[in-house]
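The structure appears below as structure tokens.
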Amino acid sequence: MVGFWVKALGKKMAAFCALAFALLFAACSNDDNGFVSVNPIGGESCAAIEESSSSDYALSSSVVISSSSADGLVSISTTVMEDTLEIFAFGGVKLDVVADSLLIKFDYGDVVTVMIAGYDTVDVPVVAGYGYVFPGEFFLYVSEGLNYIKLEARYGQMAEVVGLGRGLTFPIDVVVQMKEKGGYVDHLENLKSLSIANYPGAYPDLSIEEFANFRMVHTTGMGEGVLYRSSSPIDPAIYRNAIVDSLAKVTGVKTFVNLADELQYAEEYKGFADSYYATQNVVYLNVEPAFANSPFKEGLVKGLRYMIEHEGPYLVHCTYGMDRTGFTIAVLEALMGATADEIKADYATTHKNFYNVVDGKHVNLTTKQVELLQAIIVRLMQNSFKTAGVDISDFENADLASATEKYLLALGMEKSEIEALKSRLK
């Protein structure tokens, strides 16, 4: 990762060099395993940076970085760039800040509060690309060499999350303020250490169920043998599908909730026609892990209504059974009365089963790694619930069952449907 841990002094020098030289673009390439490489691909001149007498830095006509905000925190005052294609088509929110200039006083791994006047406020980490956060998470994209920074989500549309829609009137004022210096650094380090293998021999200490990420959900309030979760029973991408399909048959699963596929594509998987899966009730939702956006919420409601209409046992899956499945199961666990600790522990179990393959052999995650992974589901639920007007900011002490009912009502479910779902899962 080029320039990832650049010292602050080096950033200042690079920024001032922009007065005389053009800076290079940086292109971020990421994969589904969460790794990103940053490669220079061309030239782009940066806006001039002027040093004021108060030692603040004027970054452009509309941007000022200051160390003297009301509460003494580093902050930026800027505007949303008038890029309606980006906002309406892709959902990214570009801010009028030269990336290298922001890195004068902010670092990768800092957590910042982004306040969009008249719209919403979000807390996000400063990172160099999509692969530095987990699916569904929000972030401030700062790639060295670009003449903007961008409020983004890994999957989904941040514009919808913060309330930006058609009919916008520009300029839209924005403040970016330091919330926690280095608050995401541990998560960045953890991401770099996570790796997965696709053959059982790499996991000598796991059962075949654990290898396939197949397990019954048995948190507080959940009926015995009613709800299961797993990686895909049909998609061969991670070489666990045949195992999951056979386990689903053994446990008598009658209804599957497929978060990953459309029917027409599912039927094209090798062996689909001969699978146990193909003989059972299946709802195909084909949603991305954009938990705070409308398509996922609509798909979630469709899936839950399908469960109400069909008998269990139920199995929820996506491809890995980790992100989309993790969120959906967490919602169901919360609805049925699970504690915060139960929800976090179950979410992290998937990562324990998959990750930390070192030199071809699975090793246990550290306590610190597990805590960092547990924190992901808290952020994902808080963000999605917030967009539905439900506050679970104090996750550990919130009445999660009541909050989840309010969340599902806000998503369009009826009270009677929620009670029917709970009855199915008891």
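If you use mature numbering (1 follows the signal peptide of the UniProt record, and there is no 0), the sequence shown corresponds to residues -26 to -1, 1 to 400, in order. A virtual CB, placed ideally from N, CA and C, is assigned to each residue, including glycine. Please read all numbers here as calculations on a predicted model, not as lab measurements.
Are the Cβ atoms of residue i and residue j separated by less than 7 Å?
i      : j      : result
Val86  : Met152 : yes
Ala375 : Ile366 : no
Ile351 : Tyr381 : no
Thr229 : Asn255 : yes
Asp94  : Gly137 : yes
Gly110 : Pro269 : no
Leu233 : Cys292 : yes
Leu201 : Tyr288 : yes
Val290 : Arg203 : yes
Gly311 : Gly195 : yes
Leu259 : Gly286 : no
Can you tell me the Cα-Cα spacing of residue i and residue j, whole angstroms?
i           : j      : result
Tyr280      : Gln131 : 26 Å
Leu33       : Glu118 : Note that Leu33 scores 37 on pLDDT, short of 50, meaning its location in the model is unreliable; the coordinates nonetheless yield the value given after this. Those two C-alpha atoms are separated by around 15 Å.
Lys396      : Val257 : 19 Å
Asp315      : Ala73  : 38 Å
Ile217      : Val98  : 38 Å
Phe144      : Ile90  : 12 Å
Asn4        : Glu154 : Since pLDDT at Asn4 reaches only 35, below the 50 mark, its modelled position is unreliable, and the value read off the structure follows with that caveat. Those two C-alpha atoms are separated by around 26 Å.
Leu142      : Lys389 : 35 Å
Asp235      : Leu221 : 20 Å
Val54       : Val364 : 27 Å
Leu274      : Lys400 : 19 Å
Arg398      : Ile78  : 55 Å
His325      : Val96  : 26 Å
Met296      : Ala247 : 25 Å
Tyr177      : Phe185 : 7 Å
Ala384      : Glu242 : 36 Å
Gln356      : Ala394 : 25 Å
Cys20       : Tyr122 : With a pLDDT of 27 at Cys20, under the threshold of 50, the predicted position of this residue should be treated as unreliable, though the coordinate-derived value follows. Going from the Cα of Cys20 to the Cα of Tyr122 covers about 10 Å.
Gly8        : Tyr104 : Residue placement at Gly8 is flagged as unreliable, the pLDDT there being 32, under the threshold of 50; the coordinate-derived value follows with that caveat. Between Gly8 and Tyr104, the C-alpha separation is close to 8 Å.
Ala(-9)     : Ser75  : Because Ala(-9) sits at a pLDDT of 35, beneath the cut-off of 50, its placement in the model cannot be relied upon, and the following sentence gives the value as read from the coordinates. Distance between the alpha carbons of Ala(-9) and Ser75 is about 9 Å.
Thr323      : Asp147 : 42 Å
Asp219      : Val135 : 36 Å
Gly245      : Gly300 : 26 Å
Asp160      : Leu354 : 18 Å
Glu25       : Phe265 : Low confidence applies to Glu25: its pLDDT is 26, below 50, so where it sits in the model is not reliable, and the reading given next is rough at best. Whole-angstrom Cα-Cα distance: 42 Å.
Glu370      : Leu347 : 16 Å
Thr52       : Tyr250 : 56 Å
Gly175      : Leu165 : 23 Å
residue 401 : Ile182 : Residue 401 lies beyond the range of the chain shown here (-26 to 400); nothing can be said about it.
On the DSSP letters alone, give me the boundaries of the beta strand (DSSP E) that residue i sits inside.
i      : result
Glu388 : It is not in any beta strand (DSSP E) - Glu388 carries neither H nor E in the DSSP assignment.
Val125 : For clarity, residue 125 is Leu in the given sequence; the question names Val instead. Run containing Leu125: Ile123 to Ala127, per the beta strand (DSSP E) assignment.
Met310 : It is not in any beta strand (DSSP E) - Met310 carries neither H nor E in the DSSP assignment.
Asn338 : No beta strand (DSSP E) contains Asn338, which DSSP labels as neither H nor E.
Met89  : Val85 to Ile90
Val48  : Here Val48 belongs to no beta strand (DSSP E), and DSSP marks it neither H nor E.
Glu134 : Run containing Glu134: none in the beta strand (DSSP E); it sits in the alpha helix (DSSP H), Met132 to Val136.
Lys153 : Asp147 to Glu154
Phe112 : Phe112 to Tyr115
Phe230 : Thr229 to Asn232
Tyr104 : Note, Tyr104: premise wrong, no beta strand (DSSP E); not H, not E.
Tyr288 : Tyr288 to His291
By the DSSP assignment, the alpha helix (DSSP H) with residue i in it spans what residues?
i           : result
Ser75       : Ala73 to Leu76
residue 411 : Summary: the structure shown does not reach residue 411, with the chain confined to residues -26 through 400, and so no result is reported for it.
Val218      : Asn215 to Thr225
Gln238      : Leu237 to Ala240
Lys68       : Note, Lys68: premise wrong, no alpha helix (DSSP H); beta strand (DSSP E) at Val67 to Leu69.
Phe265      : Taken as a continuous stretch (DSSP letters only), Phe265 belongs to no alpha helix (DSSP H), as it is neither H nor E.
Val159      : Val159 to Ser167
Phe185      : Ile182 to Phe185
With a threshold of 8 Å on Cβ separation, who are the neighbours of residue i within its own chain once the five nearest residues in sequence on each side are excluded?
i      : result
Val101 : Tyr82, Gly83, Val107, Phe113, Leu114, Tyr115, Val116, Tyr158 and Leu162
Ala133 : Ile61, Phe62, Gly65, Gly66, Val67 and Gly139
Short of 7 Å in beta carbon distance, which residues of its chain neighbour residue i, apart from the five on each side in sequence? Order them along the chain.
i      : result
Glu391 : Arg279 and Ile282
Thr378 : Val305, Ala308 and Leu309
Leu329 : The amino acid at residue 329 is misidentified as Leu; the sequence shows Tyr. Only Leu168, Ser169, Ile170 and Leu339 meet the Cβ criterion.
Might you give, ordered along the chain, the residues of its own chain that have their beta carbon closer than 6 Å to the beta carbon of residue i, omitting 5 neighbours on each side?
i      : result
Val150 : Ile50, Val86 and Val88
Glu307 : Thr193 and Ile317
Lys124 : Gly66, Lys68 and Tyr115
Ala127 : Phe112
Arg214 : Ala186 and Ser205
Tyr294 : Ser205
Touch test, the stretch 330 to 340 against the stretch 162 to 179, Cβ-Cβ under 8 Å, three pairs minimum
yes
Is it the case that the stretch 341 to 359 contacts the stretch 198 to 217, given that we only count it when at least three CB pairs across the two stretches are under 8 Å?
no
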